[in-house]
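Novice:
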Amino acid sequence: MPARLPLLLLAVLFIAACHAGGTRGDGPPSSGSSRIPDLPGDAIPRHEPRSKYGNGPVYEVFGKRYTVMPSGRGYRERGVASWYGKKFHGNLTSNRETYDMYKMTAAHKTLPLPSYVRVRNLRNDKSIVVRVNDRGPFVHNRIIDLSYSAALKLDMIRDGTSLVEVTAIDVDAPGGDRPTRQVTPPAPEPAPVLRSVPTAVAPAPKTPQSSPTAMGHRIFVQVGAFGDRANAERRVGLLDSAGIDASIYEDRSSDPPLQRVRIGPVDDVIQYDILVEELENIGITDPYLVAE
Numbered sequence: 025m026p027a028r029l030p031l032l033l034l035a036v037l038f039i040a041a042c043h044a045g046g047t048r049g050d051g052p053p054s055s056g057s058s059r060i061p062d063l064p065g066d067a068i069p070r071h072e073p074r075s076k077y078g079n080g081p082v083y084e085v086f087g088k089r090y091t092v093m094p095s096g097r098g099y100r101e102r103g104v105a106s107w108y109g110k111k112f113h114g115n116l117t118s119n120r121e122t123y124d125m126y127k128m129t130a131a132h133k134t135l136p137l138p139s140y141v142r143v144r145n146l147r148n149d150k151s152i153v154v155r156v157n158d159r160g161p162f163v164h165n166r167i168i169d170l171s172y173s174a175a176l177k178l179d180m181i182r183d184g185t186s187l188v189e190v191t192a193i194d195v196d197a198p199g200g201d202r203p204t205r206q207v208t209p210p211a212p213e214p215a216p217v218l219r220s221v222p223t224a225v226a227p228a229p230k231t232p233q234s235s236p237t238a239m240g241h242r243i244f245v246q247v248g249a250f251g252d253r254a255n256a257e258r259r260v261g262l263l264d265s266a267g268i269d270a271s272i273y274e275d276r277s278s279d280p281p282l283q284r285v286r287i288g289p290v291d292d293v294i295q296y297d298i299l300v301e302e303l304e305n306i307g308i309t310d311p312y313l314v315a316e
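When the count follows my numbering, it moves up by one through the sequence shown with no breaks and lands on 316 for the last residue.
1) Looking at C-beta atoms only, is the number of pairs between the stretch 183-191 and the stretch 75-84 that lie closer than 8 Å three or more?
2) Please give me, in chain order, every unbroken run of the alpha helix (DSSP H) with length at least 4 that falls completely inside the stretch 155-192.
3) Output the boundary residues of the beta strand (DSSP E) element that contains residue 145.
4) Which whole runs of the beta strand (DSSP E) in the stretch 54-111 are 3 residues long or more, in chain order?
5) Measuring straight from C-alpha to C-alpha, what distance separates residue 89 and residue 305?
6) Which residues mark the beginning and the end of the alpha helix (DSSP H) in which residue 265 is found?
7) With respect to the beta strand (DSSP E) encompassing residue 273, which residues constitute its N-terminal and C-terminal limits?
8) Use the C-beta contact count for residue 133: other C-beta atoms within 10 angstroms, 16 or more gives buried, fewer gives exposed.
9) Please state the DSSP three-state secondary structure of residue 300.
10) By Cβ distance below 6 Å, which residues in the same chain neighbour residue 103 in space, the five residues on each side in sequence not counted?
11) Does residue 196 pass the burial test, meaning 16 or more other C-beta atoms within 10 Å, or should it be called exposed?
12) Determine, using beta-carbon pairs with one atom in the stretch 124-138 and one in the stretch 62-69, whether at least three such pairs fall under 8 Å.
13) My output table needs one value for residue 287: the three-state DSSP class, helix, strand or coil.
14) Rounded to whole angstroms, what is the Cα-Cα separation between residue 270 and residue 311?
15) For residue 211, which three-state DSSP category applies?
16) Mind checking whether the beta-carbon of residue 52 lies closer than 7 Å to any heavy atom of the ligand PLP?
17) Could you tell me the alpha carbon to alpha carbon distance between residue 289 and residue 86, rounded to whole angstroms?
18) Can you tell me whether residue 52 is helix, strand or coil according to DSSP?
19) Please work out which residues of its chain come closer than 7 Å, Cβ to Cβ, to residue 109, disregarding the five sequence neighbours upstream and downstream, and give them in chain order.
20) When the Cα of residue 176 is compared with those of 107, 115, 142, which residue comes out closest?
21) Contact check, residue 136 vs residue 157 under 8 Å by CB: the rounded distance?
22) Go ahead and pull the three-state DSSP assignment for residue 152.
23) For residue 293, which three-state DSSP category applies?
24) Give me, in chain order, the residues of the same chain whose beta-carbon lies closer than 8 Å to that of residue 146; leave out the 5 immediate sequence neighbours on both sides.
Rendered as structure tokens:
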């Protein structure tokens, strides 16, 4: 029991300091004397010592264990971002800083604290740089939790979540913003048009306007890339047996050409969450988001 005490105390601290992800209506008040401050500029990457707090190396939250990366160098991942705001404003973050919803910060489950990452909204190509100083989001199928200001700059306040790409910034790399390796495959060539599912749009707080040309991206889910078309067809057959429509796209930019199996386009995070659960049920646990 004594050996487990530090881990248990750490878990309690994480649960108290962290969060499960932002919710709609969690931004600043829309009336009264409070005023939304001007949006800040991006976080400026710089060398910082590793925090004494929040860096594990292993911690447990809600019965799940997480191992903190020794370094964020080379990290790149695509998935769902959420955001958190006034419900946590003024609370301590996992590295014992005060959370400020108006600063360009974020929470991540395993990147070292602090770290700097570039977050790109795959739907509109808007991009920001944030400083990771907190742990979370402890929700299935979420990879990063952004501050209110960061989410506002990505134009994702209305929906509460967005499909994003997160890339760790290596301050030692030329330009300070180039990963040394990829942990996910590079984006393939454009995909064929597939069947889409309409989605409702909820009322929203006022957010920065997006240009019409920035909203034209479609997002697909890739669930395999095969050198042999027969293997790709078997994957499509597995998906079809589960009631999931998929198509094969031949990527001739590769030598030899690759047969990429894709689903979509995916219109929103709800559809993506449902799809991820369906894929997990048939043993596919490594879907990759493709934006075109």
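In this text, a Cβ means the ideal position worked out from N, Cα and C, and glycines have one as well. Computed from a predicted model, the values in this text were never measured in an experiment.
Specialist: So, from the data block:
1) no
2) 172-177
3) 139-145
4) 82-85, 88-91, 100-108
5) 22 Å
6) 253-265
7) 271-275
8) buried
9) helix
10) 167
11) exposed
12) yes
13) strand
14) 13 Å
15) Caution applies to residue 211, whose pLDDT of 39 falls short of 50 and renders its modelled position unreliable; the value that the coordinates give is listed next. It is coil, neither helix nor strand.
16) Within the structure as shown, the ligand PLP is missing, as the structure has no ligands at all.
17) 33 Å
18) coil
19) 46, 50, 51, 125, 172
20) 107
21) About 11 Å; that fails the 8 Å criterion.
22) Residue 152: strand per DSSP, three-state reduction.
23) helix
24) 102, 186, 187, 188, 189, 241, 243, 313, 315
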